[in-house]
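J.:
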Amino acid sequence: MEFYEALSGVYDIVFPMSEDTLQFLKKDLEPRSKILDIACGTGNYSIALAKAGHHVDAIDLDETMIQQANEKAQSLYVHFIQGDMTKIREQLQETLYDLIFCIGNSIVHLDNKNMIEKLIQDIFDMLRDGGQMVIQTINYDRIIKYNIDHLPTIEPKGEGITFVRKYFHRNDMGKVDFDTELTIHQGTETHKYHNSIPLLALQKGDLEAMIKKAGFQRVEFYGGFGSMPYALDAYAMVVRAIK
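Okay, so the sequence shown: first residue is 9 according to my numbering, each after it adds one.
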């Protein structure tokens with residue numbers, strides 16, 4: 009947990025909120041929409057959507073992230089919950105939403121495709137008719153085809169932070185090992201934190217099949233939040249599905 013505690017302290021520097029992402033999420037929302045943010049991190053998008061007048065629930069497994077999110081939200085109407093994305097039906101009961109989103113490559117932390125399929129079905133069941141689901145991951149079709157072994161290193165200018173991200177391809181269960189090293193320079197001291205986790209290399213065809221099986225009527229794939237069309241060479245895979 010030392011790695012995640014360190015990351016939570018610099019999360020907003022390493023992963024600042026993107027205006028393109030926020031506008032993508034806000035697209036076609038009615039005023040005062042009900043929204044669920046799954047794997048919310050420190051709550052940047054939840055808070056921004058609440059500031060726009062929407063009612064937001066947000067869930068994350070990490071206690072420190074949720075604590076920071078609550079501190080940042082202040083008096084805004086955001087309900088932050090520490091919890092497991094595989095149990096959203098139990099934790100949020102009969103609530104229905106206009107938008108449910110899971111971004112930041114979060115869904116591939118689930119252990120297998122059956123768990124992802126169940127989550128997508130849960131999301132479908134928790135949406136109102138006409139509601140939207142938005143999911144974003146790394147484009148694993150590209151990672152696999154070109155045997156990509158790293159993502160660009162994140163080095164925010166003037167912050168003394170370096171975040172190195174590498175992939176190690178595995179032969180079992182369609183997974184890759186995601187190796188990360190966070191370096192934080194504080195005065196004369198340097199602190200390094202290392203983490204390695206298996207991620208599902210979820211490909212477009214598998215995700216699209218799960219979404220259609222759940223019952224979504226319209227499915228749109230993009231190569232990023234700027235609404236550029238999906239392409240094999242795109243770094244990201246973003247999907248908007250309409251119930």
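Note that beta-carbon positions come from the ideal geometry of N, C-alpha and C, so glycine has one too. What you are looking at is a predicted structure, and each value in this text was computed from that prediction instead of being measured.
Rounding to the nearest angstrom, what Cα-Cα distance links I152 and T145 in this structure?
T.: 14 Å
J.: Taking all protein chains shown into account, do 16 or more other C-beta atoms lie within 10 angstroms of the C-beta of R150, making it buried, or fewer, making it exposed?
T.: buried
J.: Tell me the residue span of the alpha helix (DSSP H) that contains S204.
T.: Not the alpha helix (DSSP H): S204 falls in the beta strand (DSSP E), residues E197 to L208.
J.: Residue range of the beta strand (DSSP E) that L107 falls in?
T.: In this chain, the beta strand (DSSP E) harbouring L107 covers Y105 to C110.
J.: I'd like to confirm the pairing. Which residues does DSSP put opposite E189 in its beta bridges?
T.: Paired residue(s): V172 and H202.
J.: When the distance is taken between beta carbons, is A60 closer than 7 Å to C48?
T.: no
J.: Please go through the same chain and pick out, in chain order, the residues whose beta-carbon is closer than 6 Å to the beta-carbon of H202, but skip the five residues on each side of it.
T.: E189, listed in sequence order.
J.: Would you kindly work out how many angstroms separate the C-alpha atoms of E13 and S204, rounded to a whole number?
T.: 15 Å
J.: Are the beta-carbon atoms of Y85 and A56 separated by less than 7 Å?
T.: no
J.: If you draw a straight line from the alpha carbon of K174 to that of P206, how long is it in whole angstroms?
T.: Spanning the two alpha carbons is a distance of roughly 12 Å.
J.: List the whole-angstrom C-beta distance separating T29 from F233, where the pair is believed to meet the contact cut-off of C-beta under 8 Å.
T.: 4 Å
J.: When we look at the beta-carbon of N113 and count the other beta-carbons within 10 Å, is it buried (16 or more) or exposed?
T.: So N113 counts as buried.
J.: Excluding sequence positions up to five away, which residues of its chain have a Cβ less than 8 Å from the Cβ of Y154?
T.: none
J.: Would DSSP call I151 helix, strand or coil?
T.: DSSP, reduced to helix, strand and coil, places I151 within a helical segment of the structure shown.
J.: DSSP three-state call for E163: helix, strand or coil?
T.: Correct three-state label for E163: coil.
J.: Identify every run of the alpha helix (DSSP H) within the region 11-72, keeping only runs that are complete inside it and at least 4 residues long; order them along the chain.
T.: 27-34 and 52-59
J.: Going by other Cβ atoms of all chains shown within 10 Å of its Cβ, with 16 needed for buried, is G138 buried or exposed?
T.: exposed
J.: So, V142 versus R226, is the Cβ gap smaller than 7 Å?
T.: When the beta-carbon positions are compared, V142 and R226 stay at least 7 Å from each other.
J.: Residue range of the alpha helix (DSSP H) that R97 falls in?
T.: First-last of the alpha helix (DSSP H) with R97: I96 to L100.
J.: By DSSP, does M218 sit in helix, in strand, or in coil?
T.: helix
J.: Go ahead and label Q140 buried or exposed: buried means 16 or more other beta carbons lie within 10 angstroms of its beta carbon, across all protein chains shown.
T.: buried
J.: Got a sec, what are the start and stop residues for the alpha helix (DSSP H) L135 sits in?
T.: L135 -> not in any alpha helix (DSSP H); beta strand (DSSP E) instead, spanning L135 to I146.
J.: Could you say which of F224, G213, K220 and A217 lies nearest to A239 if we only look at CA atoms?
T.: G213
J.: If you run the structure through DSSP and keep just helix, strand and coil, what is I74?
T.: helix
J.: For A244 versus Y148, is the C-beta spacing smaller than 7 Å?
T.: no
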